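In this note's numbering, the protein residues as written are 23 to 577.
Positions of the beta carbon are idealized from the N, C-alpha and C atoms, including for glycine.
Model, not experiment: these values are computed from the prediction.
Step one of this worksheet: look at the structure below.
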Amino acid sequence: MFKSDIDIANSIEMEPITEIAKKVGLPDEALIPYGNYKAKIDVSICPPETQRGKLILVTAITPTPAGEGKTTTSVGLADSLSALNKKTILALREPSLGPVFGIKGGAAGGGYAQVVPMEDINLHFTGDFHAIGAANNLLAALIDNHIHHGNELMIDSRTITWKRAIDMNDRQLRHIVDGLQGKMNGVPREDGFDITVASEIMAILCLATDLTDLKARIKRIIIGYTFDGEPVTAGDLKAEGAMTALLKEAILPNLVQTLEHTPAIIHGGPFANIAHGCNSLIATETALNFADYVVTEAGFGADLGAEKFLDIKCRVGDLEPDAVVLVATIRALKMHGGISKKDLAEENVEALRVGIANLQRHYDNLNKQFGLPVVVAINKFPTDTPAEVQMLTDLCQTLEIPVVLSDVWSKGSQGGIELAESVIKLTEEPSEFTYCYDVSDSIETKIEKIVTKIYGGSGVDYTASAMKQIRQLEKYNLANLPVCMAKTQYSFSDDQTKLGAPTDFTVTIRDIKVSAGAGFIVALTGTIMTMPGLPKVPAAEKIDIDVTGKISGLF
Numbered sequence: 023m024f025k026s027d028i029d030i031a032n033s034i035e036m037e038p039i040t041e042i043a044k045k046v047g048l049p050d051e052a053l054i055p056y057g058n059y060k061a062k063i064d065v066s067i068c069p070p071e072t073q074r075g076k077l078i079l080v081t082a083i084t085p086t087p088a089g090e091g092k093t094t095t096s097v098g099l100a101d102s103l104s105a106l107n108k109k110t111i112l113a114l115r116e117p118s119l120g121p122v123f124g125i126k127g128g129a130a131g132g133g134y135a136q137v138v139p140m141e142d143i144n145l146h147f148t149g150d151f152h153a154i155g156a157a158n159n160l161l162a163a164l165i166d167n168h169i170h171h172g173n174e175l176m177i178d179s180r181t182i183t184w185k186r187a188i189d190m191n192d193r194q195l196r197h198i199v200d201g202l203q204g205k206m207n208g209v210p211r212e213d214g215f216d217i218t219v220a221s222e223i224m225a226i227l228c229l230a231t232d233l234t235d236l237k238a239r240i241k242r243i244i245i246g247y248t249f250d251g252e253p254v255t256a257g258d259l260k261a262e263g264a265m266t267a268l269l270k271e272a273i274l275p276n277l278v279q280t281l282e283h284t285p286a287i288i289h290g291g292p293f294a295n296i297a298h299g300c301n302s303l304i305a306t307e308t309a310l311n312f313a314d315y316v317v318t319e320a321g322f323g324a325d326l327g328a329e330k331f332l333d334i335k336c337r338v339g340d341l342e343p344d345a346v347v348l349v350a351t352i353r354a355l356k357m358h359g360g361i362s363k364k365d366l367a368e369e370n371v372e373a374l375r376v377g378i379a380n381l382q383r384h385y386d387n388l389n390k391q392f393g394l395p396v397v398v399a400i401n402k403f404p405t406d407t408p409a410e411v412q413m414l415t416d417l418c419q420t421l422e423i424p425v426v427l428s429d430v431w432s433k434g435s436q437g438g439i440e441l442a443e444s445v446i447k448l449t450e451e452p453s454e455f456t457y458c459y460d461v462s463d464s465i466e467t468k469i470e471k472i473v474t475k476i477y478g479g480s481g482v483d484y485t486a487s488a489m490k491q492i493r494q495l496e497k498y499n500l501a502n503l504p505v506c507m508a509k510t511q512y513s514f515s516d517d518q519t520k521l522g523a524p525t526d527f528t529v530t531i532r533d534i535k536v537s538a539g540a541g542f543i544v545a546l547t548g549t550i551m552t553m554p555g556l557p558k559v560p561a562a563e564k565i566d567i568d569v570t571g572k573i574s575g576l577f
């Protein structure tokens with residue numbers, strides 16, 4: 023009988039969170055319990071670093087509607103390492119309510135490779151996202167209040183870049199006009215909302231090293247410009263103290279467990295196609311200090327999530343992955359080979375032969391461009407045929423790509439033992455990790471290197487507006503920052519219809535903005551939006567709760 027993810031999660035008896043902490047030596051006094059099965063970790067009273075674990079990055083091929091199972095593989099790999107008696111911590115992002123109620127669903131893994139309590143994790147969890155939204159909106163309120171009361175800073179309301187935020191897919195809020203109905207209700211202006219995970223506050227929280235650094239970063243946020251074109255910061259509005267106060271618990275990482283009771287630290291959740299797509303630096307550092315092996319993941323495909331993990335997070339945190347797992351599915355590779363989703367259940371080795379070009383480019387990027395040891399994990403699906411499995415294995419061997427089958431979705435840790443053993447060996451191999459670009463490169467050079475070296479494109483086009491913004495950042499000495507590309511996750515290019523491994527394309531940069539607090543420049547391409555919308559049939563329609571409080575329909 024088929025069991026849904028939530029049914030499987032509810033069938034497992036969780037261990038008290040204090041017992042989970044003991045497995046890796048987290049002291050009781052460092053735990054701030056949120057009930058019996060989740061807790062905040064007060065990193066300020068954790069013992070000083072006594073070890074440094076191996077960092078394993080899990081990423082994936084270009085995502086398709088067929089699904090890749092990156093988070094499921096991450097969870098299963100952590101459980102498999104634990105099953106081999108390795109002291110392991112899983113470090114993941116928190117899910118956003120937007121996708122949970124939209125089309126993607128939850129982000130707690132799947133099948134027998136999940137983190138629990140999955141309902142809590144996928145819904146309000148410990149309130150981190152609400153705190154981030156409140157801090158974001160406090161700054162928005164202070165901006166408009168300052169203008170209403172005389173505008174001493176001479177803020178040009180037409181240049182305000184700071185939007186309000188809500189953790190929900192709501193296209194109606196993308197572009198609004200507020201401050202209407204008279205002088206007492208504020209100054210009328212065009213405004214809009216970002217989804218909370220696209221807020222710079224989220225990015226700042228995930229890159230801050232401690233509370234002091236968090237406040238310093240918030241102070242540097244640029245909210246807009248004066249009538250003379252000078253930047254205005256959150257510090258100019260004296261906002262950093264109150265905003266940081268709202269985030270004093272949100273900055274602390276959250277401890278939960280997998281179905282097999284492996285410790286999991288889940289914290290932060292910036293979108294990978296809009297922001298840098300990694301869990302918090304504090305969470306990763308905490309995990310590395312208490313485990314021999316840390317499994318973490320980057321968002322979406324390796325061209326987005328892994329590139330930003332390596333070029334932004336690793337640069338800020340002085341991190342270097344010891345191994346990379348590149349997740350792929352036969353189903354997804356067949357889609358990249360030209361097969362429609364409705365035909366994926368049919369055997370098609372020729373489509374697989376064509377689609378493997380997508381996998382090969384991601385592998386070459388990670389192994390040759392970034393210089394990291396990589397293994398491909400084929401996330402097994404029931405529809406995979408023996409001929410397809412053999413074809414993919416043979417193709418990978420011909421291309422000298424290490425490959426392992428993974429079946430953690432249906433078998434839990436026992437379905438990932440071979441993958442775990444491969445990863446352990448991989449972490450002992452030497453690497454020659456290098457960044458894609460140097461931060462001292464010009465903004466145009468950094469973007470061009472990402473497009474040509476990682477995406478496989480031939481060049482970059484800029485709108486007149488984007489070029490003007492680049493010159494402005496250079497004027498204010500803000501050009502020497504990493505670049506965060508905001509691009510569709512469905513293609514190497516900025517056109518989501520170009521599947522596989524397209525070539526001879528240019529990427530158009532339509533907008534450039536600086537996240538001065540987070541410490542990176544955002545380059546927006548194509549039609550990428552910072553406020554998604556709901557699909558025609560949202561996942562919310564299938565979610566329900568009964569009189570006992572039991573939730574159904576989450577996946």
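Asked	Found
Could you check what DSSP says for glutamine 203 in three-state terms: helix, strand or coil?	coil
Quick one: what's serine 574 bridged to in DSSP?	Asp566
Leaving aside the five residues before and after valine 371 along the sequence, list all residues of the same chain whose C-beta is less than 7 Å from its C-beta, in chain order.	Ala409, Glu410 and Met413
Considering only their Cβ atoms, is the gap separating phenylalanine 147 from asparagine 191 smaller than 8 Å?	no
By alpha-carbon positions, which one of Asn301, Ala309, Ala305 and Thr308 ends up nearest to alanine 320?	Asn301
For glutamine 511, which of Ala264, Leu326, Ile223 and Tyr457 has the nearest alpha-carbon?	Leu326
Would a C-beta distance cut-off of 8 Å place isoleucine 334 and alanine 305 closer than the cut-off?	no
Can you give me the start and stop residues for the alpha helix (DSSP H) that lysine 471 sits inside?	465-471
Measure from the alpha carbon of aspartate 340 to the alpha carbon of each residue in Thr456, Ile83, Lys92 and Ala162, then state which is nearest.	Thr456
Just to confirm, are leucine 236 and glycine 290 a CB contact at a threshold of 8 Å?	no
May I ask you to list the residues that DSSP assigns as paired with methionine 507?	Ala545
Taking DSSP's pairing of strands, which residues face tyrosine 512 in a bridge?	Partner(s): none; tyrosine 512 has no beta bridge.
From this set, Leu556, Phe577 and Leu441, which residue's C-alpha is nearest aspartate 566's C-alpha?	Phe577
Out of curiosity, what's the CA-to-CA distance linking valine 559 and asparagine 389?	40 Å
Assign methionine 553 to buried or exposed, taking buried as 16 or more other Cβ atoms, counted over all protein chains shown, within 10 Å of its Cβ.	buried
So what does lysine 62 bridge to, in DSSP terms?	Ile54 and Asn276
Whose C-alpha, out of Ala345, Lys572 and Leu366, is nearest the C-alpha of leucine 355?	Leu366
Tell me the residue span of the beta strand (DSSP E) that contains isoleucine 287.	285-288
Which residues in the same chain have their Cβ closer than 7 Å to the Cβ of serine 179, if we skip the five residues on either side of it in sequence?	Ile169, Val209 and Arg211
Would you call the segment 88-108 and the segment 516-527 in contact, with 3 or more CB pairs under 8 Å?	no
Relative to the C-alpha of aspartate 516, which residue among Pro557, Val473 and Lys497 is closest?	Val473
Return the chain-ordered list of same chain residues with a C-beta closer than 6 Å to the C-beta of glycine 246, the five sequence neighbours on each side being excluded.	Ile177, Thr181, Ile182, Thr183 and Val254
How would you label valine 219, buried or exposed, when you count the other beta carbons within 10 angstroms and need 16 or more for buried?	buried
Measuring CA to CA, which of Pro121, Asp258 and Val317 is closest to threonine 248?	Asp258
Below 7 Å CB to CB, which residues in the same chain sit around alanine 508 once its five sequence neighbours on both sides are set aside?	Asn295, Ile296, Val544, Ala545, Leu546, Thr547 and Ile550
Ordered along the chain, which non-local residues of its own chain (more than five positions away) have a Cβ less than 6 Å from that of lysine 303?	Strictly speaking, residue 303 in this sequence is leucine, with lysine absent from that position. Counting only Cβ-Cβ distances below 6 Å, and skipping sequence neighbours, we find Leu229 and Gly339.
Answer yes or no: do alanine 135 and valine 317 have a C-beta to C-beta separation smaller than 8 Å?	no
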